[in-house]
Amino acid sequence: MSRQSRGASLIEVMLAVALTAVTALGLIATQLWIARETRAAALREHAAFLADAVAESSRAPTGGDAALRQWSARAASLLPKGEASTSERGDGVSFARVLWSAVSSMPAPERVTVKPDSCGELPVAAGLACVAVAFVK
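Residue numbers (our numbering): 213 to 349.
Structure, rendered in structure tokens:
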């Protein structure tokens, strides 16, 4: 066996180890991204259910303010810095809004492809996520 063949196999092993390391890092990064997006989707789902509940309680003939306070407290317990509110557009249409802090789940601002400028026709501050449900009283 010559010296050249022993050196070539060492280089092949080093390349295989490097390729395996890069692949493993890529898989780990993918798993972290999936976990982050799953958490963001769960928060959006909670917010959508809360906004629907706020809309339904606001449509009820009695107890609107008390129910809104209860749902706002529920939003604060389920979502990071969560808050629920209602606003009226003026032509009989109202919006139930749920806002929460989404800084940890959102990518950097230059990587966001679609970010709504408003939520229920009201502006959304940077770092916040929002779900709005329109309803008629």
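Glycine is no exception: its CB is placed at the ideal position from the N, C-alpha and C atoms. As the structure is a prediction and not an experimental result, all values here were calculated from the model.
For residue j and residue i, the rounded distance between their alpha carbons
{"i": "Leu239", "j": "Ser221", "result": "27 Å"}
{"i": "Leu280", "j": "Pro273", "result": "13 Å"}
{"i": "Pro335", "j": "Ala236", "result": "42 Å"}
{"i": "Thr242", "j": "Arg248", "result": "10 Å"}
{"i": "Thr250", "j": "Val234", "result": "24 Å"}
{"i": "Ser313", "j": "Ala230", "result": "39 Å"}
Burial state of residue i (16 or more Cβ within 10 Å)
{"i": "Leu309", "result": "In the sequence under discussion, the amino acid at residue 309 is Arg, which differs from the Leu named in the question. Classification of Arg309: buried, given that the 10 Å Cβ count is 16 or more."}
{"i": "Thr298", "result": "buried"}
{"i": "Val225", "result": "exposed"}
{"i": "Ala338", "result": "exposed"}
{"i": "Ala254", "result": "exposed"}
Chain-order list of residues whose beta-carbon lies under 7 Å from that of residue i (same chain, five-residue window excluded)
{"i": "Ala260", "result": "Val343"}
Cβ-Cβ distance between residue i and residue j below 7 Å
{"i": "Ala296", "j": "Leu340", "result": "no"}
{"i": "Val351", "j": "Asp277", "result": "What is shown of the chain runs 213 to 349, which leaves residue 351 out entirely."}
{"i": "Val348", "j": "Gly304", "result": "yes"}
{"i": "His258", "j": "Leu290", "result": "yes"}
Other residues of its chain near residue i: CB distance less than 6 Å, five sequence neighbours each side excluded
{"i": "Leu311", "result": "Glu295, Leu340, Cys342"}
Closer than 6 Å: residue i CB and nearest the ligand GTP heavy atom
{"i": "Ser289", "result": "Judged by which ligands are present, the structure shown has none, so any question about the ligand GTP falls away."}
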